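Student: Below is one structure. I have some questions about it.
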């Protein structure tokens, strides 16, 4: 496999309850879960009626060279360096699209709006964006649409009518499926596990925990949930909480689910320091680079995240398709080059798919 060298910026939070038979899950929200089918590879719900925006009097761009600007939350950080690399891969493959990545050096919505406004004035065919604020970015994106510019989002959404399509890296039920399937494969269908999360009130983690509970009840009903502990996305506290779980539950503890990019490597370190490699699994969302020491020495088997390069690549492909008019409202799937067919979900989103599980077999092929 070709080695990919990229960096990564990952927001502090990554992954959070209906019940198992043994006990109610803690740390989830009170909304119902929508678990995927046990053998599903992607979401299967109908996409619904298109709710995205439409450019005003856009010129015929079919097959013509495109000038596109990519304006992420901020530039100069690994996460968006890697999405930009994916966009450039798509542009090179297509051969008819020139993309410049530009934007603020800090995640500031006012600065991001200024960058977009300037490119509307200077004139571009397309704008790719990852929003710092979904509401505050909407007016300037609508101005772009009114100027006949194609607008596609990725990673961080805007109000739907302020862009045409949004490439969604993962939905909560997809994250839940990846996490629970991997956990069950490592600790067995009847293993006991605990969760290290940020706080019980962190919205995305709470949603993910509820979805994990619903999916586990449906597809891995004999797994035994022990408890959820909070670690405030703090490295030392995450380590200490994992240590507490190890001390409290002893041999009963077979797995720890890490809900953040901080909690997962901290839990792995606790397992390693307690000489429990191969006895207690750690499964969680984390950067491959942070988990390489534990995966490469066979202490931990995996880490989970979406491919940021694939996310940028898909966004680039979508931009070309909307400019050509081959991706239209009402579509139910999208042919995304080397990624194959991606599903349309949530009315006007292209779903990248389930998160990727990195193992010793391929983790060294990625550098982020």
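Residue numbers (mature numbering (1 follows the signal peptide of the UniProt record, and there is no 0)): -21 to -1, 1 to 347. Heads up, the beta-carbon is just placed ideally off N, CA and C, and yes, glycines get one too. Note that the coordinates shown come from a computational prediction; the quantities given were computed from them, not determined experimentally.
According to DSSP, is residue 345 part of a helix, a strand, or is it coil?
Tutor: Reduced to three states, the DSSP call for residue 345 is strand.
Student: In the DSSP assignment, what residue or residues form a beta bridge with residue 144?
Tutor: For residue 144, which the question treats as bridged, DSSP gives the partners 131.
Student: Looking at the unbroken beta strand (DSSP E) that takes in residue 237, where does it start and where does it end?
Tutor: First-last of the beta strand (DSSP E) with residue 237: 232 to 237.
Student: List the endpoints of the continuous beta strand (DSSP E) containing residue 312.
Tutor: It spans 312 to 314 - the beta strand (DSSP E) in which residue 312 sits, taken as one unbroken run.
Student: The beta strand (DSSP E) that contains residue 260, what's its start and end?
Tutor: Element bounds for residue 260: 260 to 263.
Student: So what does DSSP say about residue 303, is it helix, strand or coil?
Tutor: Looking at residue 303 - three-state DSSP - the assignment turns out to be helix.
Student: Closest by CA to residue 59, which one among 249, 95, 288?
Tutor: Residue 288 is the option with its Cα nearest to residue 59.
Student: Leaving out five residues before and five after residue 161 in sequence, what residues of the same chain have Cβ atoms less than 7 Å from its Cβ?
Tutor: For residue 161, where only same-chain residues beyond five positions count, the Cβ hits under 7 Å are 262, 281, 283, 336.
Student: Between the beta-carbon of residue 53 and the beta-carbon of residue 302, is there less than 9 Å?
Tutor: Going by C-beta atoms, residue 53 is not nearer than 9 Å to residue 302.
Student: Output the boundary residues of the beta strand (DSSP E) element that contains residue 329.
Tutor: Per DSSP, residue 329 belongs to the beta strand (DSSP E) from 328 to 330.
Student: Could you pull the DSSP bridge partners for residue 322 from this structure?
Tutor: DSSP lists 312, 330 as partners of residue 322.
Student: Give me the Cα-Cα distance between residue 241 and residue 269, rounded to the nearest whole angstrom.
Tutor: In a straight line, the C-alpha of residue 241 is about 9 Å away from that of residue 269.
Student: With the cut-off set at 9 Å, would you say residue 166 and residue 120 are in Cβ contact?
Tutor: Result no, Cβ atoms of residue 166 and residue 120 do not sit closer than 9 Å.
Student: Determine the burial state of residue 198: buried for a count of at least 16 other Cβ atoms within 10 Å of its Cβ, exposed for fewer.
Tutor: When all chains shown are included, residue 198 counts as buried.
Student: Taking all protein chains shown into account, decide if residue 186 is buried (16 or more other Cβ within 10 angstroms of its Cβ) or exposed.
Tutor: Burial call: buried.
Student: Excluding the 5 residues preceding and the 5 following residue 182 in the sequence, name in chain order all residues of the same chain whose CB lies nearer than 8 Å to its CB.
Tutor: So the list reads 8, once near-sequence residues are dropped.
Student: Determine the direct distance from the alpha carbon of residue 57 to that of residue 103, and round the result to whole angstroms.
Tutor: One C-alpha to the other measures close to 26 Å.
Student: What separation, rounded to the nearest whole angstrom, lies between the Cα atoms of residue 38 and residue 69?
Tutor: Using only the alpha carbons, I get a separation of about 22 Å.
Student: Look up residue 172 in the DSSP assignment and say whether it is helix, strand or coil.
Tutor: The answer is strand: DSSP assigns residue 172 an E or B state.
Student: If you count every other CB in all the chains shown that lies within 10 Å of the CB of residue 254, and 16 or more means buried, which is it?
Tutor: Residue 254 is exposed by the Cβ-count criterion.
Student: Distance check for residue 292 and residue 61, CA to CA, integer angstroms please.
Tutor: Computed Cα separation, rounded: 10 Å.
Student: Assuming residue 322 and residue 312 make a contact with CB atoms under 8 Å, what is their CB distance in whole Å?
Tutor: Contact holds; Cβ gap of about 6 Å.
Student: Nearest to residue 206 by alpha carbon, out of 212, 192, 12?
Tutor: Residue 192 is the option with its Cα nearest to residue 206.
Student: Is there contact here, the stretch 127 to 136 with the stretch 94 to 112, by at least three beta-carbon pairs under 8 Å?
Tutor: Output reads yes: the stretch 94 to 112 touches the stretch 127 to 136.
Student: Look at the alpha carbon of residue 1 and the alpha carbon of residue 257, and state the distance between them as a whole number of angstroms.
Tutor: Bear in mind that the predicted position of residue 1 carries a pLDDT of just 41, short of 50, making it unreliable; the figure below should be weighed with that in mind. Each residue's Cα considered, the two are about 25 Å apart.
Student: Mind checking who residue 88 pairs with in its DSSP beta bridge?
Tutor: Its beta-bridge partners do not exist; DSSP assigns none.
Student: If you follow the beta strand (DSSP E) that residue 50 is in, where does it begin and where does it stop?
Tutor: Run containing residue 50: 45 to 50, per the beta strand (DSSP E) assignment.
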